[in-house]
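For reference, the structure is listed below as structure tokens.
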């Protein structure tokens, strides 16, 4: 990975896991960062808390935790990285995630509104739609937690080359092969092994597009209780300090 980044023009930090970057994008993608939308192209570094919104093509992200992520067209991904590990939350659309992190490294997890799984040492294709989660395990045997409003209901191990689906509040169901509909709708690029590529450009800064209001992004996280609360806090107006009593103001002024 370091070699790929060096060839791409990145200045590598002491630890390559300290940053994530858009490694490939046919056209600029949109980022929600803080309270604004940005346009970002190849070489753009990602920050914890960003939401990446792909346009009409597949993009690739060199992520934290020795992970590589391919995001399908018309998809949204929330990224988070900190002392507790790396989280990728697919809000909608398609994602293919591969992590070469060893089992004893910091956790690398992926989630939708209905499920969360350990990604370390695995390669998994995920689709998230309203009230529905589907995944196909290419390699590894990830443990999948079924979620209800962010709380874990039960855990199931999904074996290599098996398919799993969860509809609404129904239990996760596994099968030895994916459905024809899932395979037919899957981005063609996901059929090939996920090979990390370096962006053929120097590191770039995202370009500010416009400011955002909570109403613009609230539907993206409507099914994610934790993220919904986080967005409400992000867009909450800062509290104004209480005005000093009149006798204090008289002294000051």
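Numbering (mature numbering (1 follows the signal peptide of the UniProt record, and there is no 0)), first residue to last: -16 to -1, 1 to 237.
All C-beta atoms, glycine included, are put in the ideal place defined by N, C-alpha and C.
- Here residue 108 is bridged, per DSSP, to 81 and 121.
- DSSP places residue 213 in the helix class (H, G or I) of the three-state scheme.
- In the DSSP assignment, residue 166 falls outside any beta strand (DSSP E) and within the unbroken alpha helix (DSSP H) covering 164 to 169.
- Residue state for residue 102 is assigned as strand, using DSSP reduced to three classes.
- With at least 16 other beta carbons inside 10 angstroms of its own, residue 49 counts as buried.
- Under the three-pair Cβ rule at 8 Å, the stretch 102 to 114 does not count as touching the stretch 132 to 139.
- Taking all protein chains in view, the Cβ of residue 27 is crowded by 16 or more other Cβ atoms within 10 Å, so the residue is classified as buried.
- For residue 130, the closest C-alpha among the options 153, 6 and 174 is that of 153.
- Taking C-beta atoms as the reference points, residue 51 and residue 82 count as a pair closer than 8 Å.
- Between residue 30 and residue 132, the alpha-carbon positions lie close to 29 Å from each other.
- DSSP places residue 23 in the strand class (E or B) of the three-state scheme.
- Distances from the CA of residue 202 to each of 220, 119, 94 and 79 were compared; the closest alpha carbon is that of 220.
- When the alpha-carbon of residue 47 is set against those of 57, 62, 171 and 39, the nearest one is in 62.
- Annotation for residue 198: the continuous alpha helix (DSSP H) segment containing it runs 198 to 201.
- Within its own chain, the residues whose Cβ lies closer than 6 Å to the Cβ of residue 151, once the five positions on either side in sequence are excluded, are 116, listed in chain order.
- Distance between residue 76 and residue 57, taken at the CA atoms: about 10 Å.
- Residue 130: member of the beta strand (DSSP E) spanning 127 to 132, first to last residue.
- In this structure, the alpha-carbon of residue 99 lies about 31 Å from that of residue 190.
- Within its own chain, the residues whose Cβ lies closer than 7 Å to the Cβ of residue 209, once the five positions on either side in sequence are excluded, are 133 and 134, listed in chain order.
- For the pair residue 206 and residue 59, the Cα-to-Cα distance works out to about 15 Å.
- Boundaries of the beta strand (DSSP E) around residue 5: 4 to 8.
- Residue environment for residue 121: buried (at least 16 other C-beta atoms within 10 angstroms of its C-beta).
- Around the beta carbon of residue 18, a 10 Å sphere encloses fewer than 16 other beta carbons of the protein chains shown; the residue is thus reported as exposed.
- The alpha carbon of residue 93 has as its nearest neighbour, out of 78, 84, 105 and 72, the alpha carbon of 72.
- DSSP, reduced to helix, strand and coil, places residue 159 within a strand of the structure shown.
- Beta-bridge pairing by DSSP links residue 144 to no other residue.
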